[in-house]
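Below is one structure; the comments refer to it alone.
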Amino acid sequence: MSTVPMTIIGAEQLRKELDYLKFERRPKIAEAIGEARELGDLKENAEYHAAREEQGLCEARVRDIEGKLSHAQIIDVTTMANNGRVIFGSTVTILNVDTDEEVTYRIVGEDEANIKENLLSVSSPIARGLIGKNLDDEISIVTPGGTNDYEIIKVDYI
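Plus 497 on top of the position in the sequence shown (first one is 1) and you've got my numbering.
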């Protein structure tokens with residue numbers, strides 16, 4: 498499996514979720530399974546089957562997170578000199594030249610993306626159009642909603 502880019506914040510969020518699953522969720526599920534076993538016949542015990550299903554989902558998520566973290570390439574842009582180039586982890590302010598609408602995005606890994614918080618997945622059309630461009634560049638980006646023209650007005654490595 499190839500490496501997956503991830504910010505320091507994204508890696509920390511995954512580690513917190515992993516700790517929660519391993520040290521809080523797992524024990525509660527194991528306790529629920531134990532209590533359900535005490536109720537008797539396991540074939541027709543809905544509580545037992547529900548707890549086992551929850552255990553399977555929890556373990557699958559643990560494996561998923563561990564896999565992502567083991568293949569993560571953690572990138573800290575704050576340690577890099579800002580040369581005005583848009584890279585993974587940078588915060589970019591763009592101006593829609595048609596509508597004069599200004600938007601600021603941070604380009605992050607797929608697991609960190611949240612458009613409501615302006616965290617843009619590195620694999621999104623806008624991020625792919627921005628990566629490698631420089632401050633003051635004018636670009637056209639094809640999105641599902643059509644082609645838009647933007648100007649890069651600010652690039653921060655924060």
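The C-beta atom is built at its ideal place from N, Cα and C for all residues, glycine as well.
Residue state for Val639 is assigned as strand, using DSSP reduced to three classes. For Glu521, there is no enclosing beta strand (DSSP E), as DSSP marks it with neither H nor E. Assigned with DSSP and collapsed to three states, Glu607 falls in coil, not helix or strand. By the neighbour-count definition (other C-beta atoms within 10 Å, threshold 16), Ser618 is a buried residue. In this structure Glu532 is exposed. Its beta-carbon is surrounded by fewer than 16 other beta-carbon atoms within 10 angstroms.
The Cβ atoms of Ile623 and Ile638 sit closer than 9 Å to each other. If you compare the alpha carbons of Gly626, Tyr517 and Ile526 with that of Thr640, the shortest gap goes to Gly626. Counting along the chain, Leu592 sits inside the beta strand (DSSP E) bounded by residues Thr588 to Asn593.
For the pair Gly586 and Ile604, the CB atoms are nearer than the 9 Å cut-off.
Taking the C-beta atoms as reference points, Gly581 is found nearer than 9 Å to Leu632. By alpha-carbon distance to Arg560, the top candidate from Ala578, Glu509, Asn542 and Leu515 is Leu515.
Taking each of Asp573, Glu563 and Tyr654 in turn and checking the Cα distance to Leu518, the smallest one comes out for Glu563. Within 10 angstroms of the beta-carbon of Gly606 lie 16 or more other beta-carbons, which makes it buried.
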